[in-house]
Amino acid sequence: MVETTTIVMYPAPSIGHIISMVELAKLLINYKFSITILLTTGFLDHPSIDSYINRISTSHPSISFLRFPSVTVTHSNTQSLAATAFQFIKTNAVNVQSLLRQITAKTVINAFIIDLFCTSAMEIASAIGIPVYYFFTSGAAVLSLYSYFPKIHTQTTASFKDMAGVEIHAPGNAALNATLMPDPVLDRGDPAYWEMLYFCEHLSMAKGIVVNTFCELEDVAVKAVEDGACFPDLKRTPPSVYCIGPLIADAQQSDEARDNKDWLSWLDKQPSRSVVYLCFGSRGTFTVTQLKEIAEGLERSGHRFLWVVKRPIQNQLGVKQVHDTTNDFELGSVFPNGFIERTKERGLVVKSWAPQVEVLSHKSVGGFVSHCGWNSVLEGVVAGVPMIAWPLYAEQHVNKNVMVEDMKVAVGVEQREGDRFVSGEEVEKRVRELMESERGNEIREKSLKFKDMARDALGEFGSSTKALANLVQTLNEINH
Numbered sequence: 008m009v010e011t012t013t014i015v016m017y018p019a020p021s022i023g024h025i026i027s028m029v030e031l032a033k034l035l036i037n038y039k040f041s042i043t044i045l046l047t048t049g050f051l052d053h054p055s056i057d058s059y060i061n062r063i064s065t066s067h068p069s070i071s072f073l074r075f076p077s078v079t080v081t082h083s084n085t086q087s088l089a090a091t092a093f094q095f096i097k098t099n100a101v102n103v104q105s106l107l108r109q110i111t112a113k114t115v116i117n118a119f120i121i122d123l124f125c126t127s128a129m130e131i132a133s134a135i136g137i138p139v140y141y142f143f144t145s146g147a148a149v150l151s152l153y154s155y156f157p158k159i160h161t162q163t164t165a166s167f168k169d170m171a172g173v174e175i176h177a178p179g180n181a182a183l184n185a186t187l188m189p190d191p192v193l194d195r196g197d198p199a200y201w202e203m204l205y206f207c208e209h210l211s212m213a214k215g216i217v218v219n220t221f222c223e224l225e226d227v228a229v230k231a232v233e234d235g236a237c238f239p240d241l242k243r244t245p246p247s248v249y250c251i252g253p254l255i256a257d258a259q260q261s262d263e264a265r266d267n268k269d270w271l272s273w274l275d276k277q278p279s280r281s282v283v284y285l286c287f288g289s290r291g292t293f294t295v296t297q298l299k300e301i302a303e304g305l306e307r308s309g310h311r312f313l314w315v316v317k318r319p320i321q322n323q324l325g326v327k328q329v330h331d332t333t334n335d336f337e338l339g340s341v342f343p344n345g346f347i348e349r350t351k352e353r354g355l356v357v358k359s360w361a362p363q364v365e366v367l368s369h370k371s372v373g374g375f376v377s378h379c380g381w382n383s384v385l386e387g388v389v390a391g392v393p394m395i396a397w398p399l400y401a402e403q404h405v406n407k408n409v410m411v412e413d414m415k416v417a418v419g420v421e422q423r424e425g426d427r428f429v430s431g432e433e434v435e436k437r438v439r440e441l442m443e444s445e446r447g448n449e450i451r452e453k454s455l456k457f458k459d460m461a462r463d464a465l466g467e468f469g470s471s472t473k474a475l476a477n478l479v480q481t482l483n484e485i486n487h
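According to my numbering, the stretch in the sequence shown is residues 8 to 487, in order.
What follows is the structure in structure tokens.
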């Protein structure tokens with residue numbers, strides 16, 4: 008006999024994807040759903056995942072986790088890390104089928120909410136009669152680009168990486184240089200390209216797509232998705248789109264990092280909106296050469312700064328590969344001689360980690376140099392802090408376009424062709440532009456307006472609150 012109704016979620020491997028899905032689960036349990044989250048084992052595992060799961064299971068008993076048996080895949084240097092990850096997820100299809108059947112024997116599954124990268128599970132759920140929804144953790148512009156990607160694919164036989172100077176046009180997006188397309192689709196010779204094509208072809212087949220954005224932030228891109236403009240050859244009604252953001256994940260940090268409040272006491276002593284905060288995400292590492300250029304640019308700019316620095320890498324584009332979790336290094340060895348001493352009155356360098364949401368909300372912070380990861384973009388928007396866009400990998404160049412051209416909440420750095428190196432002169436120029444120029448003032452005003460809009464979107468009568476209510480209503484109707 009059926010006693011409860013359940014939503015099953017399936018995030019892609021890695022702590023970042025799991026955290027995003029859990030944040031959506033936290034919203035849905037407020038509407039009396041029971042949530043079960045399926046987790047893979049054997050690839051991109053990390054001790055932080057287990058401790059996080061234990062913490063969520065304790066604090067939110069309505070959210071449970073089911074781990075698949077371990078699956079082994081071998082990463083080869085002949086293909087990208089993304090290709091190996093997609094192969095690993097596909098290999099877990101048999102585990103998805105087994106667990107979905109086990110759950111349906113005990114309860115009704117109202118919906119199966121999956122990550123884009125877990126599209127291989129869609130047909131399994133559909134065959135059992137379970138409605139499938141995507142949770143899209145990037146913004147509406149990237150969603151529109153990916154939805155349109157199958158069309159772009161038919162317009163050329165070349166790899167985007169070989170199409171320097173060619174512009175890609177997609178509904179809801181500013182023109183993008185082909186070589187700056189998201190990493191997994193750059194090379195037709197990489198299996199990841201064909202997997203991404205398969206994923207994107209299936210976006211239109213979902214019952215709905217839940218997006219971590221809010222309508223007012225990306226109005227043009229949201230309209231392109233809602234109206235179906237990004238699904239040019241669609242023979243059916245486009246999937247329903249639910250913009251429920253900004254959904255900001257709880258910060259994950261070690262006990263040591265949590266106890267270290269040096270940054271806070273330092274920020275408390277700085278004038279209002281005077282500090283430029285630099286942080287490049289969990290995988291944002293640079294060569295020593297690049298770090299020295301950033302340091303020289305910051306020093307010459309004359310502005311105050313709080314800079315989170317991770318252990319340097321050997322290769323400028325090594326940032327795109329697997330994240331190295333070892334952080335032990337000497338700060339003095341990666342900066343120009345005397346840099347820390349010369350800037351100690353107006354700068355603070357923090358090794359590896361800082362609580363970003365807390366930092367951005369501090370009254371002293373007046374600018375944010377970001378890698379344009381979508382979570383960081385939303386955190387900057389919610390805090391009302393103007394940004395300097397410095398994209399590194401994945402879909403971040405698309406996000407930079409959105410931030411600079413559409414939202415107008417950022418200035419963009421100029422990156423060298425090929426290795427995307429940024430000079431110290433360019434760092435100084437962009438910091439000064441953001442903190443001193445008329446354009447910087449305009450960006451600051453726009454950022455503060457979006458801060459208010461973000462708050463309003465989540466308010467009682469806000470667009471995201473209404474979208475969530477519509478989603479919940481649809482999920483409930485499935486069983487009636």
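A virtual CB, placed ideally from N, CA and C, is assigned to each residue, including glycine. The structure presented is a predicted model; accordingly, all values stated were derived computationally and were not measured.
May I ask you to report which of helix, strand or coil DSSP gives residue 247?
strand
For the alpha helix (DSSP H) holding residue 207, just list the boundary residues, first then last.
198-209
Cβ atoms of residue 211 and residue 189: under 8 Å apart, would you say?
no
Member of 121, 23 and 58 whose CA lies at the smallest distance from the CA of residue 15:
121
In terms of DSSP beta bridges, what is residue 120 paired with?
In the DSSP output, where bridge partners are listed per residue, residue 120 has 16 and 140.
Cα separation between residue 342 and residue 20?
35 Å
For residue 337, decide whether its Cβ has a neighbour in chain B, counting only Cβ atoms nearer than 8 Å.
Given the protein chain composition of this structure (a single chain), no chain B is represented.
C-alpha distance - residue 476 paired with residue 468, whole-angstrom precision:
11 Å
What does the alpha-carbon distance come out to for the pair residue 452 and residue 151?
27 Å
In angstroms with no decimal places, state the Cα-to-Cα distance between residue 203 and residue 192.
7 Å
Under the three-state reduction of DSSP, which class applies to residue 394: helix, strand or coil?
strand
Among all the DSSP beta bridges, which residues are the ones paired with residue 215?
Partner(s): 140 and 247.
Looking at the unbroken alpha helix (DSSP H) that takes in residue 336, where does it start and where does it end?
Taken as a continuous stretch (DSSP letters only), residue 336 belongs to no alpha helix (DSSP H), as it is neither H nor E.
Just mark residue 406 as buried or exposed, buried being the case when its beta carbon has 16 or more other beta carbons within 10 Å.
buried
Neighbourhood of residue 415 by C-beta, 7 Å cutoff - its chain only, sequence neighbours within 5 removed
Closer than 7 Å at Cβ, skipping near neighbours: 450 and 453.
Report yes if the CB atom of residue 418 is closer than 8 Å to the CB atom of residue 301, and no otherwise.
no
I need the DSSP call for residue 50, collapsed to helix, strand or coil.
coil
Residue 112, DSSP secondary structure in three states
coil
Tell me which residue opens and which closes the beta strand (DSSP E) that residue 70 is part of.
For residue 70, the enclosing beta strand (DSSP E) begins and ends at 70-74.
Which listed residue (354, 268, 422 and 310) has its alpha carbon closest to that of residue 297
422
Buried or exposed for residue 58, going by 16 or more other Cβ atoms inside 10 Å?
Counting other Cβ atoms within 10 Å of its Cβ, residue 58 stays below 16 and is therefore classed as exposed.
With distance defined between alpha-carbon atoms, name the residue in 134, 46, 270 and 384 nearest to residue 492.
Residue 492 falls outside the range modelled here, since the chain spans only 8 to 487, and no answer is possible.
Look up residue 287 in the DSSP assignment and say whether it is helix, strand or coil.
The three-state secondary structure of residue 287, taken from DSSP, is coil.
Residue 314 lies in the beta strand (DSSP E); which residues open and close that run?
311-316
By the DSSP assignment, the beta strand (DSSP E) with residue 375 in it spans what residues?
372-377
Nearest neighbour of residue 254, chosen from 153, 311 and 220 [CA to CA]:
Comparing Cα positions, the closest option is 220.
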